[in-house]
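Peer 1: Here it is: the structure, laid out below.
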Amino acid sequence: MNISDRYRELTDDVRLILDAPVDDSAGEALKAQQIIDQAAQDMEELEELVGDIPQMHLESKLTPVLLKSHSQLDRARLLLVELGAEDRAAAVWELEQKIYRLLNAL
965 MNISDRYREL TDDVRLILDA PVDDSAGEAL KAQQIIDQAA QDMEELEELV
1015 GDIPQMHLES KLTPVLLKSH SQLDRARLLL VELGAEDRAA AVWELEQKIY
1065 RLLNAL
């Protein structure tokens, strides 16, 4: 799978996390959801363009977005761990690992 396809798949995976139900009674859970949403929005900005970026420019274009999204997802994961939402935190951790693998491929 090429870099563009992996990036699009990763963006879809972040959206899937957003679609999962959230306990509305916990303000921290909503905050974590908002942080994940921001990461998704940041990634979506390049989703359609990623296939048009020349291979030699992929690293310089994608790295800042991926690092920022990773940081946001990590913040959300830590909030989820504090809330005891271990399953959701584990899913976010998997996304973080996918980002690392994609960064290494660049």
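Counting from 965, one number per residue, gives the positions in the sequence shown under this note's numbering. Yeah, the Cβ is synthetic: ideal placement off N, Cα and C, and Gly gets one too.
1. Measuring CB to CB, does L1059 end up less than 9 Å from D977?
2. Give me the Cα-Cα distance between E992 and L1013, rounded to the nearest whole angstrom.
3. With DSSP collapsed to three states, give me the class of G1048.
4. If I follow the unbroken alpha helix (DSSP H) through E1009, where does it start and stop?
5. When burial is assigned at 16 or more other CB atoms within 10 Å of the CB, is L1031 buried or exposed?
6. May I ask you to report which of helix, strand or coil DSSP gives L1070?
Peer 2: Answer, in terms of the structure:
1. Along the sequence shown, one-based indexing puts residue 1059 at 95. Along the sequence shown, one-based indexing puts residue 977 at 13. Closer than 9 Å, so yes.
2. Looking up residue 992 in the sequence shown gives position 28. Looking up residue 1013 in the sequence shown gives position 49. E992 and L1013 have their C-alpha atoms some 33 Å from each other.
3. On the sequence shown, position 84 is the one that residue 1048 refers to. The answer is coil: DSSP assigns G1048 none of H, G, I, E or B.
4. Counting from one through the sequence shown, the residue named residue 1009 turns up at place 45. First-last of the alpha helix (DSSP H) with E1009: 991-1011.
5. For this step, residue 1031 is matched to residue 67 along the sequence shown. L1031 should be labelled exposed.
6. For the purposes of this step, residue 1070 is identified with residue 106 of the sequence shown, where counting begins at 1. Looking at L1070 - three-state DSSP - the assignment turns out to be coil, as it is neither helix nor strand.
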